[in-house]
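So the protein sequences, as listed, match chains A and Z. Offset between the first sequence (1-based) and the working numbering: plus 37. Offset between the second sequence (1-based) and the working numbering: plus 37.
2 protein chains.
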Amino acid sequence: MATEPKTATSAWALVWDIFQSDKKRRWGLLAELGLTPVQGMALSSLDADDPPTMSHLGGQIMCDSSTLTGVVDRLEALGYVERRPAPNDRRARCVALTDKGRALQAELRARMSPPPPQLEHLTADEAAQLHDLLATAIARHATGA
Amino acid sequence: MATEPKTATSAWALVWDIFQSDKKRRWGLLAELGLTPVQGMALSSLDADDPPTMSHLGGQIMCDSSTLTGVVDRLEALGYVERRPAPNDRRARCVALTDKGRALQAELRARMSPPPPQLEHLTADEAAQLHDLLATAIARHATGA
DNA sequence: TATTGTTATACTCTATAACTATA
DNA sequence: TATAGTTATAGAGTATAACAATA
Numbered sequence: 038m039a040t041e042p043k044t045a046t047s048a049w050a051l052v053w054d055i056f057q058s059d060k061k062r063r064w065g066l067l068a069e070l071g072l073t074p075v076q077g078m079a080l081s082s083l084d085a086d087d088p089p090t091m092s093h094l095g096g097q098i099m100c101d102s103s104t105l106t107g108v109v110d111r112l113e114a115l116g117y118v119e120r121r122p123a124p125n126d127r128r129a130r131c132v133a134l135t136d137k138g139r140a141l142q143a144e145l146r147a148r149m150s151p152p153p154p155q156l157e158h159l160t161a162d163e164a165a166q167l168h169d170l171l172a173t174a175i176a177r178h179a180t181g182a
Numbered sequence: 038m039a040t041e042p043k044t045a046t047s048a049w050a051l052v053w054d055i056f057q058s059d060k061k062r063r064w065g066l067l068a069e070l071g072l073t074p075v076q077g078m079a080l081s082s083l084d085a086d087d088p089p090t091m092s093h094l095g096g097q098i099m100c101d102s103s104t105l106t107g108v109v110d111r112l113e114a115l116g117y118v119e120r121r122p123a124p125n126d127r128r129a130r131c132v133a134l135t136d137k138g139r140a141l142q143a144e145l146r147a148r149m150s151p152p153p154p155q156l157e158h159l160t161a162d163e164a165a166q167l168h169d170l171l172a173t174a175i176a177r178h179a180t181g182a
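1) Measuring only the C-alpha atoms, how far is Z/A133 from A/E41?
2) Using a Cβ-Cβ cut-off of less than 8 Å, list which residues of the stretch 49-77 of chain Z approach chain A; keep chain order.
3) Do A/M149 and A/L66 have their CB atoms nearer than 8 Å?
4) Around the Cβ of A/A114, are there at least 16 other Cβ atoms within 10 angstroms (buried) or fewer (exposed)?
5) Do the CB positions of A/G138 and A/L80 come within less than 8 Å of each other?
6) Let me check understanding here. Comparing Cα to Cα, which of Z/T160, Z/T90, Z/T104, Z/C100 lies closest to Z/A123?
7) Give a yes or no on whether the C-beta atoms belonging to Z/Q76 and Z/V108 are separated by under 8 Å.
8) Reducing DSSP to helix, strand and coil, say where A/P153 ends up.
9) According to DSSP, simplified to helix, strand and coil, what is A/L70?
10) Would you call Z/S47 buried or exposed, if buried means 16 or more other Cβ atoms sit within 10 Å of its Cβ?
11) DSSP three-state call for A/A147: helix, strand or coil?
12) Against chain Z, with Cβ distances strictly below 8 Å, would A/E157 count as a contact?
13) Measure from the alpha carbon of Z/K43 to the alpha carbon of each residue in A/D169, A/L159, A/R111, then state which is nearest.
14) Taking the alpha helix (DSSP H) that Z/L105 belongs to, which residues open and close that run?
15) Figure out for me which residue from Z/I175, Z/G181, Z/T180 has the closest Cα to the Cα of A/Q57.
16) At what residue ranges does the stretch 53-98 of chain A contain a whole run of the alpha helix (DSSP H), taking only runs of 4 or more?
17) In angstroms, rounded to a whole number, what distance separates the CA positions of Z/D110 and Z/R120?
Okay, structure coming up:
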C-alpha cells in the first residue's frame with residue numbers, strides 16, 4: 038500500500054507476523070519436552086497452589102469437557118498431574134500437579150518466556166515503551182475505560 | 038512481583054495475555070465459516086496471484102506434507118481450492134483458490150483483521166507508537182541490525 | 001431440573017514410513 | 001540419488017450426544 042496506516046489494526050497485524058514467525062520455535066520447545074500444544078497449554082496454565090476443576094481448566098484453555106478428559110488422561114498417564122476429589126462438590130474433580138509436573142511446568146515456563154528475536158532488537162527504552170503501551174491497553178480494557 | 042521489570046520479556050508476556058484472551062473470538066469466527074484452525078491458516082495464507090506448491094504451502098503454515106495432503110483434500114472437497122500442475126516441475130502441484138475460495142478468503146481476512154478489544158482502548162497516537170515500535174523491531178531483525 | 005465429568009462415536013489433525021513419479 | 005506428493009497407519013485433538021452421579 039502507498040500510505041502506511043499505523044492504527045491499532047496495523048499494529049495487530051505486526052503482532053500476528055511476529056507470533057507466526059515464532060511458531061516454529063514454540064512448537065519445537067514443546068516437542069523437546071514430549072508435549073503436544075494442548076498438553077503444553079494445560080500444563081502451563083495449572084496453578085500449583087489452587088488446582089482447578091476439570092470444567093474450570095477447560096474454560097481456561099478453551100477445551101471441550103470430553104476433549105479435556107482425554108488430554109488429562111494422557112497427562113496423568115505421563116505422571117504430570119493427578120485427579121483429586123473437589124472439596125465442595127462431589128461431582129467435580131480437581132487437576133493437581135505432581136512433583137514431576139511442577140518441575141516440567143517450571144522448565145516449560147522458563148523456556149517459553151524469552152521473547153522472539155524481533156523484540157530482542159529493541160533498546161531497553163523501546164522495550165519499556167512497548168510494555169507500557171500494552172499494559173495501558175490491558176488496564177483500560179479491564180476497567181472499562 | 039514487587040518491581041515491574043518492563044523488558045522485552047515482560048512486554049512479550051503481555052502480548053501472550055492479549056493473544057490468549059482473543060482466542061475464543063478467533064476460533065468462533067473460524068467455526069462460523071465452517072473452517073478448522075489449520076484450514077483457516079491455509080486458506081488465509083494462499084496467494085491468489087501466485088498459487089504455491091504443496092511443499093511451499095506446508096512450509097508457510099508449518100505443516101507436514103502428509104498432513105497437508107489431507108487438509109488440501111478437504112478444502113478441495115469443499116470447493117475452496119483446486120490442485121493444478123506446477124509450471125516448472127512435473128512432480129509438484131500448485132494449490133489455487135477457486136472463486137468460492139477467494140470470496141471466503143476475503144471474508145476471513147476481513148473478520149480476522151480487527152484488533153482485540155484491549156488495543157481498541159489506545160488513542161490514535163498510542164496505536165501509532167505501538168505500530169512503530171513493532172515495525173522497528175521487525176525491520177532491525179530483518180536487516181540483522 | 002441442572003451441572004460435572006465420563007464414555008461412545010466420528011471426524012480432523014499430526015507425524016513416520018513406504019511408495020510412485022519425476023528431477 | 002534426491003525431491004514432490006500420496007498412501008497407509010497409528011495416535012492425539014475435537015465436538016456431539018448419551019449417560020451416571022451429584023447439586
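C-beta: ideal position from N, C-alpha, C; glycine also.
This is what the structure holds:
1) Residue 133 of chain Z sits at position 96 when you count from the first residue of the second sequence. Residue 41 of chain A sits at position 4 when you count from the first residue of the first sequence. So the alpha carbons of these two residues sit roughly 29 Å apart.
2) Those would be W49, A50, L51, V52, D54, I55, F56, K60, K61, W64, in chain order.
3) By one-based count along the first sequence, residue 149 of chain A stands at place 112. By one-based count along the first sequence, residue 66 of chain A stands at place 29. Yes, the Cβ-Cβ distance between A/M149 and A/L66 is below 8 Å.
4) Within the first sequence, numbered from 1, the residue matching residue 114 of chain A stands at position 77. Exposed is the call here.
5) Locating residue 138 of chain A in the first sequence gives position 101, where the first residue counts as 1. Locating residue 80 of chain A in the first sequence gives position 43, where the first residue counts as 1. Yes, the Cβ-Cβ distance between A/G138 and A/L80 is below 8 Å.
6) Along the second sequence, read from residue 1 onward, the residue named residue 123 of chain Z stands at position 86. Measuring C-alpha to C-alpha distances from Z/A123 to each of Z/T160, Z/T90, Z/T104, Z/C100 identifies Z/T90 as the nearest.
7) The residue you call residue 76 of chain Z lines up with position 39 of the second sequence. The residue you call residue 108 of chain Z lines up with position 71 of the second sequence. Pairing Z/Q76 with Z/V108 gives a Cβ-Cβ distance under 8 Å.
8) Taking the first sequence and counting its residues from 1, one reaches residue 153 of chain A at position 116. Note: A/P153 maps to coil in three-state DSSP.
9) If you number the first sequence from 1, residue 70 of chain A lands on position 33. Residue state, collapsed to three classes: coil.
10) Residue mapping note: residue 47 of chain Z aligns to position 10 of the second sequence, counting from 1. Result: buried.
11) Walking along the first sequence from the start, residue 147 of chain A turns up at place 110. In the structure shown, A/A147 sits in a helix (DSSP, three-state: H, G or I).
12) Translated into positions along the first sequence, residue 157 of chain A becomes position 120. With 8 Å as the cut-off, A/E157 counts as an interface residue toward chain Z.
13) Within the second sequence, the letter at position 6 stands for residue 43 of chain Z. Z/K43 has its Cα closest to that of A/D169, out of A/D169, A/L159, A/R111.
14) Mapped onto the second sequence, residue 105 of chain Z falls at position 68. Residues 102-114.
15) Taking the first sequence and counting its residues from 1, the one referred to as residue 57 of chain A is at position 20. For A/Q57, the closest C-alpha among the options Z/I175, Z/G181, Z/T180 is that of Z/I175.
16) You should have 60-69, 74-82, 91-97.
17) For the purposes of this step, residue 110 of chain Z is taken as residue 73 along the second sequence, with counting starting at 1. For the purposes of this step, residue 120 of chain Z is taken as residue 83 along the second sequence, with counting starting at 1. Rounded to whole angstroms, Z/D110 to Z/R120 spans 9 Å at the Cα level.
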